[in-house]
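Participant: What follows is a structure written as structure tokens; I'll ask about it next.
There are 2 protein chains.
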Amino acid sequence: MEPERDRLYITVDLLIMTVRSGQLLLLLSRRKRPPCEGMWALPGRFVGAEESAEEAAGKLLAEMLPVPDPFMEQVYTFSDVARDPRGRVVSMAYLISVPWPKLEPLLSEPGTILRSFHLTAEGERICLTDESGASVAEEELAFDHARIIRTGLMRLRGKIDYSEIGFRFLEDPDAFSLGELQSVFEAVLDSRLDTSNFRRFILSRYQRDGRLSEICKEEKRGRGRPAVLYRLETGNHAENRREEK
Amino acid sequence: MEPERDRLYITVDLLIMTVRSGQLLLLLSRRKRPPCEGMWALPGRFVGAEESAEEAAGKLLAEMLPVPDPFMEQVYTFSDVARDPRGRVVSMAYLISVPWPKLEPLLSEPGTILRSFHLTAEGERICLTDESGASVAEEELAFDHARIIRTGLMRLRGKIDYSEIGFRFLEDPDAFSLGELQSVFEAVLDSRLDTSNFRRFILSRYQRDGRLSEICKEEKRGRGRPAVLYRLETGNHAENRREEK
DNA sequence: GTTATTTATGGTCGAAGTGACCAAAAATAA
DNA sequence: TTATTTTTGGTCACTTCGACCATAAATAAC
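If you read the protein sequences in the order shown, they are chains A and B.
Each residue of the first sequence is one higher than the one before, counting from 144 in my numbering.
Each residue of the second sequence is one higher than the one before, counting from 144 in my numbering.
Listed below in structure tokens is the structure:
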């Protein structure tokens, strides 16, 4: 698709995030074409005239990473005039939470161009780090994607302790331990949490209204004492409260 | 402007809100043209190819209601395929907080087509009430504007107790009493608050870091004991935390 | 097999915050 | 002068939260 001047286009850009061994990962691909050729970019796609942005984002995700039952959430819409040198392109950003075990086999498939980067933030600047430790500077990111990533990360961090988005990174929301959940929170917030306090927080918040229930304790992997497994009823609870600058 | 088929358009729709005597008001205008002729609608405008959505929203506001230093905030972007019968129109909603004393003279000017409605919510449904008590049903609202209004109201309510948005409804952010601020909160939340607890909440939150400071006590209108006046430093504090469903 | 290590679970303690009150001060209205 | 209204300040019980500590139950090390 070649954009025309004097016309206005909409794209969706995906913030595909996952948590692997205590680290928050973001998926980027290297641009093969100008503009911004060779730079790292969020996967994106133009929105067609016959589809909603949600549908466009869903289709793009299905093409690139056919994960079952993906969790998508609109983050923000970026409409600066000069954000795309090709012309007038408005970008709607969607945040997608994927459990790492579902993502990992898809990433190693031959056709995949997506690569994962460890995502953190230092003050206002985001930090993206390669598997080898090499970091991607904000200047190496295409368009205004650094800003989009920053917005998405702040959104995720802001929502994690009052919405269910943290649970969407769990391999199996019907059988997880509190330790696994804590690991997700620590990866997202990039800080260590007190295990005992975290347990109290989660249980008091979700077990009170019966959405979090103990399931039969199975024998589990890992070193220490085996953990009780829980299940979250993904009810349509009131989950709208706070927002972006 | 006449939309073409097979093309995609972007509009901004404004949620202009104010607080008058303890009530939250929203501005609507009656549509003069099809589609949705005769129905109540949010003021809106197409986004041109040479302007950002923020600029478009600012221009529209300046044309219709030239309030000084308006406070705008992007709420959400609505992109359902069938939301506009003319074709493919994506709407970006902006929330605008205006002090009633600045708004009132503009509303009574001859050219103004905007009218104010008392906005509340009963569960999932919004309630819009005329000055005379007559209510506007969700079905009398154009397009998907009922949904947009609902999203905006929830956003406002969710942010009011941790962001500075409540202060933007005050006539003078450099000289207000806690009673005036409480009245704003009560209007937005549509519930009564305990005066003493509200005072403690605001002072502990904003006075601690020096952003809220007492100013010299002027003689003031009203009945009871005269109030101490405060001033808020509208610093660029971290105000991004939580978001929409 | 015994000991160290790791992870999970449970609890305490004090600081801070919150909701429901009460009371007094300082103005106006009756 | 008295009643009413609004502001200001305070108490008290309850909850929440951060920083700890202790124990249980598994594996890893020796």
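Using N, Cα and C, we set each Cβ at its ideal position, and we do this for glycine too.
Compare the C-beta of T220(B) against all C-beta atoms of chain A and say whether one is closer than 9 Å.
Facilitator: For T220(B), the answer is yes, since a Cβ of chain A falls inside 9 Å of its Cβ.
Participant: So which residues of chain A does M235(B) contact, with C-beta pairs closer than 8 Å?
Facilitator: T220, S222, listed in chain order.
Participant: Return helix, strand or coil for R150(A), following the three-state DSSP convention.
Facilitator: Coil at R150(A), not helix or strand.
Participant: Beta carbon of T161(B), beta carbon of L171(B): below 9 Å?
Facilitator: Going by C-beta atoms, T161(B) is not nearer than 9 Å to L171(B).
Participant: On the three-state DSSP scale, how would you describe R374(B)?
Facilitator: It is a strand residue.
Participant: So, with DSSP's three-state summary, where would you put A381(A)?
Facilitator: Because A381(A) carries a pLDDT of 45, less than 50, the predicted location of this residue cannot be relied on, and the following value inherits that uncertainty. A381(A) falls in the coil class under three-state DSSP.
Participant: For V232(A), tell me which candidate among S326(A), R368(A), V155(A) has the shortest Cα-Cα distance.
Facilitator: Here the closest residue by C-alpha is V155(A).
Participant: From the beta carbon of V190(A), is the nearest beta carbon of chain B less than 9 Å away?
Facilitator: Closer than 9 Å to some Cβ of chain B, the Cβ of V190(A) qualifies, so yes.
Participant: Which class does L313(A) belong to by DSSP, given the choice of helix, strand or coil?
Facilitator: L313(A): coil per DSSP, three-state reduction.
Participant: Compare the C-beta of Y152(A) against all C-beta atoms of chain B and say whether one is closer than 9 Å.
Facilitator: With 9 Å as the cut-off, Y152(A) counts as an interface residue toward chain B.
Participant: For D317(A), which of F221(A), L375(A), H261(A), P248(A) has the nearest alpha-carbon?
Facilitator: Closest option to D317(A), Cα to Cα, is L375(A).
Participant: Excluding the 5 residues flanking R335(A) on each side, which residues of the same chain have their C-beta closer than 8 Å to its C-beta?
Facilitator: Closer than 8 Å at the Cβ level, and outside the excluded window around R335(A), lie E329.
Participant: When the Cα atoms are used, what is the spatial distance from V190(B) to G230(A)?
Facilitator: Computed Cα separation, rounded: 14 Å.
Participant: Tell whether a beta-carbon distance below 9 Å holds between H261(A) and Q325(A).
Facilitator: In this structure, Q325(A) does not lie closer than 9 Å to H261(A) by Cβ.
Participant: Select from S339(B), L157(B), M182(B) the residue whose C-alpha is nearest the C-alpha of A236(B).
Facilitator: The residue with the shortest Cα to Cα distance from A236(B) is L157(B).
Participant: Residues of chain B with CB under 8 Å from A196(A), in chain order?
Facilitator: What A196(A) touches in chain B: T220, S222, V233.
Participant: Give me whichever residues DSSP pairs with G367(A) in a beta bridge.
Facilitator: Per DSSP, none; premise fails for G367(A).
Participant: Between R385(B) and chain A, is the shortest Cβ-Cβ distance under 9 Å, so that the two count as touching?
Facilitator: Only weak support is given to the placement of R385(B): the predicted model assigns it a pLDDT of 39, under 50, and the value that follows is read from those uncertain coordinates. So, interface residue.
Participant: Please say whether P242(B) and E314(B) have beta carbons closer to each other than 9 Å?
Facilitator: Against a cut-off of 9 Å, the Cβ pair of P242(B) and E314(B) comes out as a contact.
Participant: Once the 5 residues before and after M182(B) are set aside, which same chain residues still bring their CB inside 8 Å of it?
Facilitator: The answer, listed in chain order, is R173, R174, E283, L284, A285.
Participant: Take every Cβ of the region 342–351 of chain A, pair it with every Cβ of the region 289–298 of chain A, and state whether three or more of those distances are shorter than 8 Å.
Facilitator: At 8 Å Cβ cutoff, the stretches do not touch.
Participant: For P211(B), which residues of its own chain have a beta-carbon under 8 Å away from its beta-carbon, when the five flanking residues on both sides are left out?
Facilitator: Closer than 8 Å at the Cβ level, and outside the excluded window around P211(B), lie K245.
Participant: Since E376(B) meets chain A, which of its residues come closer than 8 Å, beta carbon to beta carbon?
Facilitator: Neighbours of E376(B) on chain A: none; closest Cβ ~17 Å, over 8 Å.
Participant: Can you look up P209(B) in the DSSP assignment and give me helix, strand or coil?
Facilitator: Three-state DSSP puts P209(B) in coil, outside helix and strand.
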